[in-house]
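A.B. asks: Attaching a single structure in structure tokens format; questions to follow.
Right under this line is the structure:
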């Protein structure tokens with residue numbers, strides 16, 4: 002169980018660790034702002050308030066998708082590292098190698114898109130990347146694949162190092178997840194939730210990344226040897242198996258911040274329970290097998306896969322509602338929670354996750370998917386739980402760390418404005434997408450029908466508010482990290 | 002058959018309930034709680050969680066039964082008994098139909114495939130709402146069964162991103178009133 006001290010001694014970062022951690026956070030924050038600006042440019046274009054041509058629009062859309070998913074992965078991996086290292090011995094080289102490979106991969110992706118003209122979306126559905134009607138080159142598509150492979154190798158290295166460290170400490174991954182206590186026995190109350198969540202992510206996301214690596218290599222071979230024809234449906238299954246797990250892993254890595262930090266602000270222990278262990282065991286299985294809900298409109302899929310997609314989508318709501326959201330609410334209920342930026346962001350994050358999966362679960366229902374698939378309902382629900390769920394989890398950790406370095410958990414005056422701006426903007430932005438989905442507005446269209454434009458205009462206003470809030474967060478966080486380290490006492494070690 | 006408006010209302014109710022739960026607890030955060038009250042609250046929360054679990058389980062079972070018992074997608078291997086058949090091929094960036102005229106009130110089978118990349122075959126009603134869709138995928142044929150209840154000009158739009166002109170890849174389907182027996 003984690004300590005209730007606000008800034009415990011074992012969270013203090015030695016110099017080199019601190020340098021690499023700061024690199025992660027500053028890079029992620031800068032990338033988030035950049036990717037948000039790209040997103041805004043697309044919404045403004047759809048709203049007829051800006052005039053980006055289709056070619057650049059689809060390049061930006063590809064960059065925005067790959068960039069946001071990648072950055073979410075990068076920053077939540079930093080969350081996982083920051084807390085997991087307290088319980089097991091992680092090697093700094095693995096954490097640093099992941100950063101270097103991520104940056105190399107990102108560079109490859111940027112070149113492939115803005116120089117090579119690759120615009121096959123972050124999902125690179127076969128055979129579009131090599132069948133762009135002469136818009137992007139085969140080399141550009143290959144460079145994009147290589148960029149993904151570099152990023153995937155980095156993540157995998159980090160996970161392998163973390164898995165080895167966990168096995169050294171706990172014996173095996175099952176024991177780390179607390180499986181030995183599922184059906185009985187006295188649960189070790191000091192068993193860290195961060196270890197349970199990290200182990201689940203290692204298992205699920207390693208499988209997803211391996212599936213991604215397989216399909217990327219297949220696509221690379223096809224790109225240069227077109228006679229090797231791929232099965233489009235098999236490729237699609239592998240892509241969504243990889244894509245779904247990668248983006249979902251960001252939630253499960255990000256929520257570690259809530260498990261670790263919330264009790265320190267509420268003053269109430271938040272120990273593991275049998276229900277909690279069951280929830281993570283079940284979630285591990287569910288996140289691995291739920292991906293067919295992305296292929297509900299591929300009628301050629303075996304029927305049983307579609308049924309799994311729907312049933313597991315609905316089942317996945319149980320752990321979120323009954324364990325994480327409910328657990329957080331009972332932890333803070335009449336707790337005298339200290340309302341500081343980290344705690345505000347954590348409560349927002351769990352709300353955003355729990356509320357955002359409602360439209361997601363609905364879309365995982367076959368009859369609903371027949372109407373909503375690939376409409377703006379889809380970006381509606383994933384922006385809801387990424388913007389108002391996952392990103393606030395990571396921001397909570399960042400604010401906590403800069404608080405620890407400043408030896409003060411006091412909020413800045415500007416926080417009183419930036420957080421409401423971000424929340425209102427996020428709600429307007431996501432609800433505009435969902436309302437547009439209700440009106441059958443297609444997603445991924447460079448230009449919109451006149452009757453669709455009001456939704457785009459509302460969404461643009463929401464996006465501007467989010468960016469204003471995020472810009473303030475970024476300045477606060479980067480300034481807080483770059484501040485000259487003070488000679489901190491043991492009561493308030495710098496993070 | 003569920004409509005977009007119903008989905009929207011269900012989503013808002015669901016998200017609203019989540020929001021109410023958070024608002025209630027947030028309103029209680031600052032209130033004091035001694036050890037005895039905290040213990041009582043903990044017990045109550047466990048009872049409430051069991052009830053919530055049961056409620057969610059009933060909803061889960063009910064929705065699964067109602068939406069899957071009669072499987073909502075037509076069988077893809079068996080022959081379908083539609084009187085009208087439309088073969089559809091998606092191309093970058095146009096639709097090819099064996100016919101673009103069908104009769105209202107009579108079952109239509111769409112056999113949808115692609116000649117190049119993945120496309121999305123979505124039929125928009127004259128009121129601008131999607132009525133049915135499937136994917137158009139190279140190497141596979143997806144079969145839709147649909148009965149148009151009203152005559153009019155329906156629009157097929159591509160809903161799977163397929164390249165530079167994806168957003169203009171559309172074509173009309175004319176749904177005409179059923180012809181009476183010739184005299």
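Protein chains in written order, with our numbering: chain A, 2 to 496; chain B, 2 to 184.
All residues carry an ideal CB built from backbone N, CA and C; glycine is no exception.
1. Using the C-alpha atoms, what's the distance from residue 402 of chain A back to residue 495 of chain A?
2. Just by C-beta distance, which residues in the stretch 143-171 of chain B are closer than 9 Å to chain A?
3. With burial defined as no fewer than 16 other Cβ atoms inside 10 Å of the residue's Cβ, what is the status of residue 376 of chain A: buried or exposed?
4. Suppose contacts are defined by Cβ-Cβ distances below 8 Å. Is residue 43 of chain A in contact with residue 114 of chain A by that definition?
5. My output table needs one value for residue 131 of chain B: the three-state DSSP class, helix, strand or coil.
6. Hey, quick one: how far does the alpha helix (DSSP H) through residue 76 of chain A stretch, first residue to last?
7. Which residue marks the beginning of the alpha helix (DSSP H) containing residue 159 of chain B, and which one marks its end?
8. Please state the DSSP three-state secondary structure of residue 320 of chain A.
9. Let me check understanding here. Comparing Cα to Cα, which of A/127, A/473, A/308 and A/392 lies closest to residue 233 of chain A?
10. Can you list, in chain order, the residues of its chain whose CB lies under 6 Å from that of residue 447 of chain A, leaving out five sequence neighbours each side?
11. Out of A/344, A/326, A/89 and A/340, point me to the one whose CA is closest to residue 357 of chain A's CA.
12. Relative to chain B, which residues along the stretch 173-188 of chain A have a C-beta separation below 9 Å, given in chain order?
13. Show which residues of chain B have a CB atom less than 7 Å away from the CB atom of residue 408 of chain A.
14. Note down the Cα distance separating residue 461 of chain A from residue 41 of chain A, rounded to an integer number of angstroms.
15. Following the continuous alpha helix (DSSP H) through residue 200 of chain A, name the residue where it begins and the one where it ends.
16. Out of curiosity, what's the CA-to-CA distance linking residue 134 of chain A and residue 159 of chain B?
17. Can you find at least 3 beta carbon pairs, one from the stretch 73-87 of chain B and one from the stretch 100-117 of chain B, that sit closer than 8 Å?
18. Who pairs with residue 144 of chain B in a beta bridge, going by DSSP?
19. For residue 139 of chain B, does the three-state DSSP call read helix, strand or coil?
20. Assuming residue 365 of chain A and residue 294 of chain A form a contact by the criterion Cβ under 8 Å, report the distance between their Cβ atoms to the nearest whole angstrom.
21. Where does residue 490 of chain A fall in DSSP's three states?
22. By alpha-carbon positions, which one of A/272, A/266 and A/355 ends up nearest to residue 341 of chain A?
23. Given this structure, state the Cα-to-Cα distance separating residue 231 of chain A from residue 140 of chain B, to the nearest angstrom.
24. Mind checking who residue 102 of chain B pairs with in its DSSP beta bridge?
25. Look at the Cβ atom of residue 137 of chain A, then the Cβ atom of residue 106 of chain A, and state whether they are nearer than 8 Å.
26. Output needed for residue 276 of chain A: all residues of its chain with C-beta closer than 8 Å, excluding positions within five of it in sequence on either side, in chain order.
27. To be precise: take each residue of the stretch 229-242 of chain A, compare its Cβ to all Cβ atoms of chain B, and keep it if any distance is under 7 Å. Which residues remain?
28. To the nearest angstrom, how far is it from the Cα of residue 450 of chain A to the Cα of residue 147 of chain A?
29. Beta-carbon of residue 60 of chain A versus every beta-carbon of chain B: anything under 8 Å?
30. Here's a check: name, in chain order, each residue in its chain whose Cβ is nearer than 7 Å to the Cβ of residue 490 of chain A, leaving out the five neighbours to either side.
31. Using a C-beta cutoff of 8 Å, does residue 125 of chain B count as contacting chain A?
32. So, for residue 195 of chain A: in the same chain, excluding its five sequence neighbours on each side, which residues have a beta-carbon less than 8 Å away from its beta-carbon?
33. From residue 373 of chain A to residue 13 of chain B, what does the alpha carbon distance come to, in whole angstroms?
34. By the 8 Å beta-carbon criterion, what residues does the stretch 303-331 of chain A contribute toward chain B?
35. Over the uninterrupted beta strand (DSSP E) stretch that includes residue 88 of chain B, give me the two end residues.
36. Roughly how far, in whole angstroms, is the beta-carbon of residue 466 of chain A from the beta-carbon of residue 435 of chain A, given that I think they are within contact range, below 8 Å?
C.D. replies: This is what the structure gives:
1. As a working mapping, residue 495 of chain A is identified with position 494 in the first chain. As a working mapping, residue 402 of chain A is identified with position 401 in the first chain. Its pLDDT being 46, under 50, residue 495 of chain A is placed unreliably in this model, and the value from its coordinates should be taken loosely. Taking the straight line from one Cα to the other gives about 8 Å.
2. 143, 144, 145, 158, 159, 160, 161, 162, 163, 164, 165, 166, 167, 168 and 169
3. In the first chain, counting from the first residue as 1, residue 376 of chain A sits at position 375. When all chains shown are included, residue 376 of chain A counts as buried.
4. Start at 1 with the first residue of the first chain, and residue 43 of chain A comes out as number 42. Start at 1 with the first residue of the first chain, and residue 114 of chain A comes out as number 113. Contact: no.
5. Numbered from 1 along the second chain, position 130 holds the residue referred to as residue 131 of chain B. Here residue 131 of chain B sits in strand by DSSP.
6. Taking the first chain and counting its residues from 1, the one referred to as residue 76 of chain A is at position 75. Unbroken alpha helix (DSSP H) run through residue 76 of chain A: 55-85.
7. Residue 159 of chain B sits at position 158 when you count from the first residue of the second chain. Run containing residue 159 of chain B: none in the alpha helix (DSSP H); it sits in the beta strand (DSSP E), 153-159.
8. Against the first chain, residue 320 of chain A aligns to sequence position 319. Correct three-state label for residue 320 of chain A: helix.
9. On the first chain, residue 233 of chain A is found 232 positions in, with the first residue counted as 1. Answer by Cα proximity: A/127.
10. Your numbering for residue 447 of chain A matches position 446 in the first chain. Taken in chain order, the residues that qualify are 55 and 58.
11. The residue labelled residue 357 of chain A in the question sits at position 356 within the first chain. The option with the nearest alpha carbon to residue 357 of chain A is A/326.
12. none
13. Taking the first residue of the first chain as position 1, residue 408 of chain A is located at position 407. Here the premise fails: no neighbours, minimum Cβ distance about 25 Å.
14. As a first step, residue 461 of chain A must be located in the first chain, where it is residue number 460. As a first step, residue 41 of chain A must be located in the first chain, where it is residue number 40. Distance between the alpha carbons of residue 461 of chain A and residue 41 of chain A: 6 Å.
15. Within the first chain, the letter at position 199 stands for residue 200 of chain A. Here the alpha helix (DSSP H) through residue 200 of chain A covers 194-225.
16. Within the first chain, residue 134 of chain A is the residue found at index 133, counting from 1. Within the second chain, residue 159 of chain B is the residue found at index 158, counting from 1. Each residue's Cα considered, the two are about 17 Å apart.
17. yes
18. Taking the first residue of the second chain as position 1, residue 144 of chain B is located at position 143. In the DSSP output, where bridge partners are listed per residue, residue 144 of chain B has B/112.
19. Within the second chain, numbered from 1, the residue matching residue 139 of chain B stands at position 138. Of the three classes helix, strand and coil, the one that applies to residue 139 of chain B here is strand, per DSSP.
20. Residue mapping note: residue 365 of chain A aligns to position 364 of the first chain, counting from 1. Residue mapping note: residue 294 of chain A aligns to position 293 of the first chain, counting from 1. That pair is a contact at about 4 Å.
21. Reading the first chain from its first residue, position 489 is the one you call residue 490 of chain A. Reliability fails at residue 490 of chain A, whose pLDDT of 43 lies under 50, so the model's placement of it is uncertain and the value that follows must be treated cautiously. Three-state DSSP puts residue 490 of chain A in coil, outside helix and strand.
22. Working through the first chain from its first residue, we reach residue 341 of chain A at position 340. The shortest C-alpha separation from residue 341 of chain A is found at A/266.
23. Numbered from its first residue, the first chain carries residue 231 of chain A at position 230. Numbered from its first residue, the second chain carries residue 140 of chain B at position 139. Distance between the alpha carbons of residue 231 of chain A and residue 140 of chain B is about 10 Å.
24. Taking the second chain and counting its residues from 1, one reaches residue 102 of chain B at position 101. Per DSSP, B/175.
25. Taking the first chain and counting its residues from 1, the one referred to as residue 137 of chain A is at position 136. Taking the first chain and counting its residues from 1, the one referred to as residue 106 of chain A is at position 105. No, they are not a contact pair.
26. Translated into the one-based positions of the first chain, residue 276 of chain A becomes position 275. Closer than 8 Å at Cβ, skipping near neighbours: 323 and 324.
27. 232, 233 and 234
28. By 1-based counting over the first chain, the position of residue 450 of chain A is 449. By 1-based counting over the first chain, the position of residue 147 of chain A is 146. Straight-line Cα distance between these residues: approximately 37 Å.
29. Counting from one through the first chain, the residue named residue 60 of chain A turns up at place 59. Answer no: the Cβ-Cβ gap between residue 60 of chain A and chain B never drops below 8 Å.
30. The sequence position of residue 490 of chain A within the first chain is 489, counting from 1. Per-residue confidence for residue 490 of chain A stands at a pLDDT of 43, beneath the threshold of 50, marking its modelled position as unreliable; no derived number is given.
31. The residue labelled residue 125 of chain B in the question sits at position 124 within the second chain. Chain A, which has a Cβ nearer than 8 Å to the Cβ of residue 125 of chain B, makes this yes.
32. Residue numbering aside, residue 195 of chain A sits at position 194 when the first chain is read from its first letter. Answer for residue 195 of chain A: 3, 81, 84, 85, 87, 88, 257, 260 and 261, listed in chain order.
33. Here residue 373 of chain A refers to the residue found at position 372 of the first chain. Here residue 13 of chain B refers to the residue found at position 12 of the second chain. Taking the straight line from one Cα to the other gives about 15 Å.
34. 304, 307, 308, 311, 312, 315, 316, 318, 319, 322, 323, 326, 327, 330 and 331
35. Counting from one through the second chain, the residue named residue 88 of chain B turns up at place 87. Element bounds for residue 88 of chain B: 85-92.
36. Locating residue 466 of chain A in the first chain gives position 465, counting from the first residue. Locating residue 435 of chain A in the first chain gives position 434, counting from the first residue. Going by Cβ atoms, the distance from residue 466 of chain A to residue 435 of chain A rounds to 17 Å, so no, they are not a contact pair.
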